[in-house]
Every structure is written in structure tokens, then in C-alpha cells.
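Here is the structure we will look at.
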Amino acid sequence: MYEKNNDEINLIEKAKAGNKKVFEKLVKKYQQRVFDLCYRTLLNRLDAEDATQETFLRVYKGIEKFKGKSKFYTYLYRIAITVCKDMIKKKGMQPKPFAKIEKEIARVDDNDKFSIEEIIRDLKAINGLTALEKKELKEIIWQCIVKLSPERRLLIDLIYYKGLTYKEVADMLDWPEGTVKSNIHRALKEIKECLKKTKLFKDW
0 MYEKNNDEIN LIEKAKAGNK KVFEKLVKKY QQRVFDLCYR TLLNRLDAED
50 ATQETFLRVY KGIEKFKGKS KFYTYLYRIA ITVCKDMIKK KGMQPKPFAK
100 IEKEIARVDD NDKFSIEEII RDLKAINGLT ALEKKELKEI IWQCIVKLSP
150 ERRLLIDLIY YKGLTYKEVA DMLDWPEGTV KSNIHRALKE IKECLKKTKL
200 FKDW
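The end of the sequence shown is residue 203 by numbering that gives the first Met the number 0, with every number in the run present.
Below, the structure is given as C-alpha cells:
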């Protein structure tokens, strides 16, 4: 059970009653976060802006469906993800976008665990990065994230940029929690392999 935000619940109840100004407050609070999620998924600013607008339009039209059983941002992100999936399918951005991943995931090697933070820390230690190189690191990692599949790029965004838990992401995507963890692990391995090919880390 999550800890409820009474102030936000009050805003949502007023929005359900048709108070547009209150709904605008919710939009202002979450607009940038939704845009970031859409941009990292669609990789196009105009498409992300359209997806963000469509997300809040759908939320406004169907806000009475929110029963408070989850955090509001979980409900909001779920709609944003659906909007992005619809846009990818409509525009043909990816073949079979967000394809259903097999539920039987290969066992992850327990001795091969790492996170983005650990990758960054290891790279700094091994390569002795200069201040300029450290400044470039964030952009390099983003370039590697862009190369991931839409599913794994979305997972990286939700876990590492949005700070959601594995359970929250699993509930949002209607995936088993183990599937989320396995795909995060695989995404991190892909990022690590991508980093090895860059000019800064080719000898890592």
C-alpha cells in the first residue's frame, strides 16, 4: 500500500468535479515529467509534445476512472505509455513496437550485477576521466540509451530517471516483476557494451 498524498487527492477530487483550474495545476505539476518520458520513448520533440498533450487530454476526459488505488503519477504514466505505443504503431516508427516479451526469462548471472551508477563509477576509475570527459559522459550514456529498443529505453527512463520501483513499473506495464528486472539487466549490459565502443572507453 502506498502513502497517499491528501493534498493531491483533494486536487484530483476537484478535477473530477469539473474544476478546470485545478486540473491545470495537475498538468503543471506533471507536464515536464510526462514530456521527458514521451521524448525518451519517441526520440522526437514534436512527437513528444503531441503525445504529452494527448496524454493530458485523455486524463481529463477519463479522470473519473482514477479510483486512487495507485499513485496518480502511475496512472498518468500508464496513459502516457499507451499514447506513445499508439503513436509508434500509427507512424510505423518501429516494427512491432513494444512487442510482448517472453515471460520465461533466462536466469541472470548473480555475479554480473551492476547499475548505471556503477558503470559510471567504474569508468571514472579505470579511465581516469578528465573534467571535460566527465562532462561528456552523460551525453555518451544517453547516446547509448537511444540505441536500446523502445521497451528497454522506457524501462531505463522509468527506473533511473523517474525513480519508480520495479513493482510500480511492473504494475504500470502489466508485466511480471521478474520480467522488468531481467530487461533492466539486459538494457544495462547493452549500455555497457555500447560504452566500450566509444572513444573514451574503447579500452575498458
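Here a beta-carbon is modelled for each residue, glycine too, at the ideal position from N, C-alpha and C.
**Asked** Run through DSSP, which three-state label would residue 175 get?
**Response** Residue state, collapsed to three classes: coil.
**Asked** Where does the unbroken alpha helix (DSSP H) through residue 16 begin, and where does it stop?
**Response** Looking at the DSSP string, residue 16 is not in any alpha helix (DSSP H), and its letter there is neither H nor E.
**Message:** Taking the alpha helix (DSSP H) that residue 81 belongs to, which residues open and close that run?
**Reply:** Its alpha helix (DSSP H) spans residues 71 to 90.
**Request:** Whole angstroms is fine: what's the gap from residue 72's alpha carbon to residue 175's?
**Result:** Taking the straight line joining both Cα atoms gives about 20 Å.
**Prompt:** Which same chain residues, not among the five before or five after residue 7, have their C-beta less than 7 Å away from its C-beta?
**Reply:** Leaving aside the five residues that flank residue 7 on each side, the residues in its chain whose CB is nearer than 7 Å to its CB run, in chain order, 71.
**Message:** Between which two residues does the alpha helix (DSSP H) holding residue 55 run?
**Reply:** Start and end: 44 to 61.
**Asked** Touch check for the stretch 179 to 191 and the stretch 80 to 93: three-plus C-beta pairs under 8 Å?
**Response** At 8 Å Cβ cutoff, the stretches do not touch.
**Request:** Mind checking which residues open and close the alpha helix (DSSP H) that includes residue 153?
**Result:** Here the alpha helix (DSSP H) through residue 153 covers 149 to 155.
**Message:** Let me confirm a value: residue 131 is counted as buried when at least 16 other C-beta atoms fall within 10 Å, else exposed. Which label applies?
**Reply:** It counts as exposed.
**Request:** Please name the residue, chosen from 4, 153 and 13, that lies closest to residue 81 on a Cα-to-Cα basis.
**Result:** Measuring from the Cα of residue 81, the nearest candidate turns out to be 153.
**Prompt:** With a CB to CB cut of under 7 Å and the five nearest residues on each side skipped, what residues in its chain are close to residue 58?
**Reply:** Closer than 7 Å at Cβ, skipping near neighbours: 75 and 78.
**Asked** From the beta carbon of residue 40, is the nearest beta carbon of chain B less than 8 Å away?
**Response** Any reference to chain B falls outside this structure, which holds one protein chain only.
**Inter-residue Cα distance where the pair is residue 180 and residue 147** = About 16 Å.
**Message:** Here's the rule I'm using: 16 or more other beta-carbon atoms within 10 Å means buried, otherwise exposed. How should residue 44 be labelled?
**Reply:** So residue 44 counts as exposed.
**Asked** With residue 145 and residue 158 assumed to form a contact (beta carbons below 8 Å), what rounded beta-carbon distance in angstroms separates them?
**Response** Contact flag wrong, Cβ pair sits at about 17 Å.
**Asked** Taking all protein chains shown into account, do 16 or more other C-beta atoms lie within 10 angstroms of the C-beta of residue 106, making it buried, or fewer, making it exposed?
**Response** Caution is warranted here: a pLDDT of 32 is assigned to residue 106, below 50, making its placement in the model unreliable, and no coordinate value can be reported.
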